[in-house]
Amino acid sequence: MTQTRTAVALISGGLDSMLAARAMLEQGIRVEGINFFTGFCVEGHTHAIRSRDRGRPKRNNALWVAEQLGIRLHIVDVSEPYKDVVLNPRHGYGHNLNPCLDCKGFMVARAHEWMLEQGYDFLVTGEVVGQRPMSQRRDTMPVVARESGAGDRLLRPLCAKLLPPTLPEREGWVDRERLFDFSGRSRKPQMALAARYGLHDYAQPAGGCCFLTDERYSAKLADLWRSRGRRDYELDDILLLKVGRHLRPRRNFKLIVAREEGETRFLEGYRKQFTNLTTVSHAGPLALVDGEASEEDLVLAARLTARFSQGREAPRVRVAVARGDGEPRVLEVVPLPAAEIPKEWYL
Amino acid sequence: MSRAVLDARRLLCPLPVIRTQNRVRQMVPGQQLEIRCTDPGATHDIPAWCRLYGHRVLEVRESDGEIAITIEIVGDGAPGPG
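Structure representation (structure tokens):
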């Protein structure tokens, strides 16, 4: 009797990893998915926060993919150990603060550890040669296999025919002839394979699935490090960078202003940890002060908060200011005219 | 029937799912877990996760922005190739 071989598949929620796992199922491999939460994931959080996104499907794509494939999915919170990847990437950053090659190596290494702990035979990813400028190049793919420790137990079914045979292929657990030779940035081969498998509904994230590839987000993270004088972060810091307008009028503080109701609700949860401002004479957003603000700074923060309220054209607006959960006091201020807000204040 | 409670309020998805997954791993078949959360995404994600492992969703209640999802553990739900 032939032994059923087993694999752990990295499932991002996108099409490629879905196809790679499916290709293994087609060959009779028993597959379990693994997915990592880094804190920088685009899906889920922002959609959950913003009211304007409430009409969108709330599904977690990795869970959804697992369900479509009929496999189990293990989700791992790696937000704490992932800091070292973001703060000290051995292979450097991409265009923004995206440490893609280190990130891939980290995830494959973690998945490899899980594979060994749980007794699976090999590891599967949806990588495609030449698809990503940093982590998915012909010369960097061996780096990921080597540095992760996965070695030749790492199989990339979508481009396996372009790479040396791995252990699962050499041992005959997987038929190399039934694997693929996809390369480059075109999505057509993947879409054709999806159609062949009868998969018609899949996520196609525009601009990637990680906030670190986003220029604006990276600028805000760099500002956070600069203003604190150290490169570090907590999970709350990086979640807050996804929410609201961020304005830095002075070196010693920045203001986070909710843009809509959903963001106000989200920021409410942080009210006790920050000096906070809300307009009381007019409807308006909740704003948090991140940093040490003087009395003069608070007046400026109040004028900015008023600027983003319904009272922006009013001669004066009353703004409640509270330090954490202390008693609020009310400042009456003139809303700051748009023309007096330099572009550089917006992060 | 005793019911364990998991407080996942203020956590955004997928953290409520991850906390649920890790808690369920310490439980045995037949036990119930009530997950309290505030992220509306959890009403999709936790039942989806339960379907993958065969756990039963007994109830989903929402009131005042809080969501309570009660599940019953079915089978071992343990990871591994089996």
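In order, the protein sequence lines correspond to chains A and B. Per the working numbering, numbering of the first sequence is gapless, rising by one per residue and ending at 347. Per the working numbering, numbering of the second sequence is gapless, rising by one per residue and ending at 429. Heads up, the beta-carbon is just placed ideally off N, CA and C, and yes, glycines get one too.
Inset, instruction - Decide yes or no for the touch test of the segment 85-100 of chain A against the segment 8-19 of chain A: beta carbon pairs closer than 8 angstroms, at least 3 of them. - result: no
Legend entry - C-alpha gap between residue 96 of chain A and residue 374 of chain B, whole angstroms: 43 angstroms
Inset, instruction - Check each residue of the segment 355-376 of chain B: if its Cβ is closer than 8 angstroms to any Cβ of chain A, include it; give the result in chain order. - result: 357, 359, 360, 361, 362, 364, 365 and 368
Inset, instruction - Taking residue 259 of chain A as the reference, give the member of A:238, A:275 and A:283 with the closest Cα. - result: A:283
Inset, instruction - Given a cut-off of 8 angstroms, decide if residue 9 of chain A and residue 352 of chain A are closer than it, judged by their beta-carbon atoms. - result: Residue numbering for chain A in the displayed model covers 1 to 347; residue 352 of chain A lies beyond these limits and cannot be assessed.
Inset, instruction - Determine which residues of the segment 381-402 of chain B have a Cβ less than 8 angstroms from any Cβ of chain A, and write them out in chain order. - result: 386, 387, 388, 390, 391, 392, 395, 396, 398, 399 and 400
Legend entry - Assigned exposure category for residue 200 of chain A - 16 Cβ within 10 Å defines buried: exposed
Inset, instruction - Examine chain B for any beta-carbon lying closer than 8 angstroms to the beta-carbon of residue 348 of chain A, and answer yes or no. - result: Absent from the structure is residue 348 of chain A, since the part of chain A shown begins at 1 and ends at 347.
Legend entry - Interface partners of residue 60 of chain A on chain B, CB under 9 angstroms: 360, 361, 364, 388, 391, 392, 395 and 396
Inset, instruction - Mark residue 346 of chain A as exposed unless 16 or more other C-beta atoms lie within 10 angstroms of its C-beta, in which case mark it buried. - result: exposed
Inset, instruction - Could you please give the first and the last residue of the uninterrupted alpha helix (DSSP H) stretch that includes residue 110 of chain A? - result: 100-118
Inset, instruction - Quick one: which residues of the segment 249-269 of chain A get their C-beta closer than 7 angstroms to a C-beta of chain B? List them in chain order. - result: 269
Inset, instruction - Note down, in chain order, each residue of its chain lying with its Cβ closer than 8 angstroms to the Cβ of residue 241 of chain A, except the 5 sequence neighbours on either side. - result: 211, 217, 220, 221 and 224
Legend entry - residue 68 of chain A - DSSP class collapsed to helix/strand/coil: helix
Inset, instruction - Quick one: list the residues of chain B neighbouring residue 238 of chain A, beta-carbon separation under 8 angstroms, in chain order. - result: The premise fails here: residue 238 of chain A is roughly 12 angstroms from chain B at the closest Cβ pair, so nothing lies under 8 angstroms.
Legend entry - Nearest-angstrom beta carbon gap, residue 355 of chain B and residue 378 of chain B [assumed within contact, 8 angstroms]: About 17 angstroms separates the two Cβ atoms, so there is no contact after all.
Legend entry - residue 333 of chain A beta carbon less than 8 angstroms from that of residue 302 of chain A: yes
Inset, instruction - Below 6 angstroms CB to CB, which residues in the same chain sit around residue 364 of chain A once its five sequence neighbours on both sides are set aside? - result: Lying before the first or after the last residue shown, residue 364 of chain A is absent from chain A, which here runs from 1 to 347.
Legend entry - Whole-angstrom distance between residue 365 of chain B and residue 349 of chain B, CA atom to CA atom: 22 angstroms
Inset, instruction - Could you name the residues of chain B that residue 66 of chain A contacts, counting a contact when the two beta carbons are closer than 7 angstroms? - result: 399
Inset, instruction - Say whether the segment 21-31 of chain A touches the segment 173-184 of chain A, bearing in mind that this needs 3 or more beta-carbon pairs closer than 8 angstroms, one atom from each stretch. - result: yes
Inset, instruction - Compare the Cα-Cα distances from residue 35 of chain A to each of B:361, B:397, B:422 and B:389 and report the closest residue. - result: B:361
Legend entry - Extent of the continuous alpha helix (DSSP H) to which residue 278 of chain A belongs: Counting along the chain, residue 278 of chain A falls outside any alpha helix (DSSP H), though it belongs to the beta strand (DSSP E) covering 275-279.
Inset, instruction - Count the other C-beta atoms from every protein chain shown that fall within 10 angstroms of the C-beta of residue 325 of chain A, then say buried if there are 16 or more, exposed otherwise. - result: exposed
Legend entry - Validate contact between the segment 381-398 of chain B and the segment 59-70 of chain A using beta carbons, cut 8 angstroms, 3 pairs: yes
Inset, instruction - Output the boundary residues of the alpha helix (DSSP H) element that contains residue 266 of chain A. - result: 261-268
Inset, instruction - Would you kindly work out how many angstroms separate the C-alpha atoms of residue 162 of chain A and residue 138 of chain A, rounded to a whole number? - result: 9 angstroms
Inset, instruction - Rounded to whole angstroms, what's the CA-CA distance from residue 419 of chain B to residue 171 of chain A? Just pull it up for me. - result: 41 angstroms
Inset, instruction - Indicate whether residue 110 of chain A and residue 76 of chain A have their beta-carbon atoms separated by less than 8 angstroms. - result: yes
Inset, instruction - With a cut-off of 8 angstroms on the beta carbons, I'd call residue 120 of chain A and residue 7 of chain A a contact; round off their distance for me. - result: 6 angstroms
Legend entry - Distance CB(residue 404 of chain B)-CB(residue 414 of chain B) smaller than 8 angstroms: no
Inset, instruction - Look up residue 76 of chain A in the DSSP assignment and say whether it is helix, strand or coil. - result: strand
Inset, instruction - Starting from the beta carbon of residue 73 of chain A, find every residue of chain B whose beta carbon is closer than 8 angstroms, and list them in chain order. - result: 396 and 399
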